[in-house]
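Peer 1: Position one of the sequence shown corresponds to residue 775 (my numbering), numbered consecutively onward. Backbone N, C-alpha and C fix where the C-beta goes; we use that ideal spot for every residue, glycine too. Bear in mind that the values here come from a model prediction, so they are computed numbers and not experimental data. Just passing along the structure, written as structure tokens.
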Amino acid sequence: MLKGKQALVTGSTSGIGLGIARALAAKGANLTINGFGDAGEIEKLRASLASEFGVEVVYANADLMKPAEVESLIRSIEARAGAVDILVNNAGIQHTAKVSEFPVERWDAIIALNLSAAFHAIRCALPAMEKRGWGRIINIASAHGLVASPMKSAYVAAKHGIVGLTKTVALEQARTRITCNAICPGWVLTPLVQKQIDARAAEQKISVQQAKLDLVSEKQPSQEFVTPEQLGELCVFLCSEAAAQVRGAAWNVDGGWLAQ
Ligand code: NAD
């Protein structure tokens, strides 16, 4: 279904981004993966994605907190493949603290990566997408793009921002075959969330297993985590022709979190 399309999934060396990259590759998309980690491990991952799915997979180590690196990442894909057909803005970080104690440097970093990097990627990728007359932009927001929780001012602000950016881009492209949507996951058990579980276990002097159950149950009536595979399949649907009129959505996948 996506054979011959060129997909960029930011932050795809781990967690949700990796799940999305796998799902797109399984449908035949060529991939650019991005993110940090051990160089040897990343090369193993790149080679295994390419051989498992028979697609081209290129790794780019761009630091997306730097606008110039976002731009050169997009330009390098265009030089190789003509355009980024499918852009998944997924890379993100978290920091928790009360707003009065929030480190300014962490605020700036979260806004730079979780919000501004998506703006720069979209801004740079759109002209070539427009020339091709087809495109899919998927922004990985969060349930925290639609509701707040304490201790997460920068993250909630960035994720609400990305939902707004999504709607604006969708409207600007409403008469084209380029769609822009956001996915708003609840809790997904990835390294980003494992850190929060470990902190909770240490703080409350409870087991990691108990902290995990408490964390998910507090927000999600299902008491189950969302999986990267489920989010990958939703991305595949958003790339399909069946989703051609899904525009500017902020689609929650959250075990019932926002139904309450
Ligand atoms: P993760 O920590 O497993 O993965 C984050 C990825 O981003 C990694 O590949 C990492 O190397 C990369 N990255 C970090 N800094 C980067 C930078 N400066 N430049 C380029 N890449 C960088 O996290 P995750 O849980 O998979 O989160 C992915 C996205 O999903 C984030 O935007 C996050 O906010 C969002 N999200 C996560 C959850 C959850 O419960 N895990 C819920 C809702 C939304």
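Following a CB-centred definition, is V967 positioned closer than 7 Å to any heavy atom of the ligand NAD?
Peer 2: Indexing the sequence shown from 1 puts residue 967 at position 193. Result yes, Cβ under 7 Å from the ligand NAD.
Peer 1: Within its chain, find whatever has a CB closer than 7 Å to the CB of F999; leave out the 5 residues flanking it on each side and keep chain order.
Peer 2: Position 225 of the sequence shown holds residue 999. Hits under 7 Å: W961, V962, L963, V990.
Peer 1: Assuming the contact rule is C-beta atoms closer than 8 Å, N913 and I884 should be a hit. Round their C-beta distance to whole Å, please.
Peer 2: Within the sequence shown, the letter at position 139 stands for residue 913. Within the sequence shown, the letter at position 110 stands for residue 884. Contact flag wrong, Cβ pair sits at about 15 Å.
Peer 1: Closer than 7 Å: is that where the CB of L939 sits relative to any heavy atom of the ligand NAD?
Peer 2: By one-based count along the sequence shown, residue 939 stands at place 165. Not so, every heavy atom of the ligand NAD lies at least 7 Å from the Cβ.
Peer 1: Got a sec? Which residues, its chain only, sit under 6 Å from A781 by beta carbon, not counting five neighbours each side?
Peer 2: Position 7 of the sequence shown, counting from 1, holds the residue named residue 781. So the list reads L798, A803, L805, I860, once near-sequence residues are dropped.
Peer 1: With burial defined as no fewer than 16 other Cβ atoms inside 10 Å of the residue's Cβ, what is the status of P959: buried or exposed?
Peer 2: Counted from its first residue, the sequence shown places residue 959 at position 185. Buried, since its Cβ has 16 or more Cβ neighbours within 10 Å.
Peer 1: Can you give me the Cβ contacts of L939 inside the same chain, cut-off strictly under 8 Å, excluding the 5 residues immediately before and after it?
Peer 2: Counting from one through the sequence shown, the residue named residue 939 turns up at place 165. Hits under 8 Å: L889, A892, F893, I896, N913.
Peer 1: Let me check understanding here. Comparing Cα to Cα, which of F810, E815, S788, V829 lies closest to G778?
Peer 2: Position 4 of the sequence shown, counted from the start, is the residue given in the question as residue 778. Among F810, E815, S788, V829, the Cα nearest to that of G778 is on V829.
Peer 1: Look up L963 in the DSSP assignment and say whether it is helix, strand or coil.
Peer 2: As a position in the sequence shown, residue 963 is number 189, starting the count at 1. Correct three-state label for L963: coil.
Peer 1: Any heavy atom of the ligand NAD inside 7 Å of the beta-carbon of I867?
Peer 2: Walking along the sequence shown from the start, residue 867 turns up at place 93. Relative to the ligand NAD, the nearest heavy atom lies less than 7 Å away from the CB of I867.
Peer 1: Considering R910, what are the terminal residues of the beta strand (DSSP E) in which it resides?
Peer 2: The residue labelled residue 910 in the question sits at position 136 within the sequence shown. Per DSSP, R910 is one residue of the beta strand (DSSP E) stretching across 909 to 914.
Peer 1: How many Å lie between G811 and N864 at the Cα?
Peer 2: Taking the sequence shown and counting its residues from 1, the one referred to as residue 811 is at position 37. Taking the sequence shown and counting its residues from 1, the one referred to as residue 864 is at position 90. Straight across, the Cα-Cα distance linking G811 with N864 is about 16 Å.
Peer 1: Using DSSP bridges, identify the partner residues of Y833.
Peer 2: Here residue 833 is taken as the residue at index 59 of the sequence shown, counted from 1. Its beta-bridge partners are I807.
Peer 1: Three or more C-beta pairs under 8 Å: does that hold for the region 921 to 932 against the region 871 to 881?
Peer 2: With a cut-off of 8 Å, the region 871 to 881 and the region 921 to 932 count as touching, because enough Cβ pairs lie within range.
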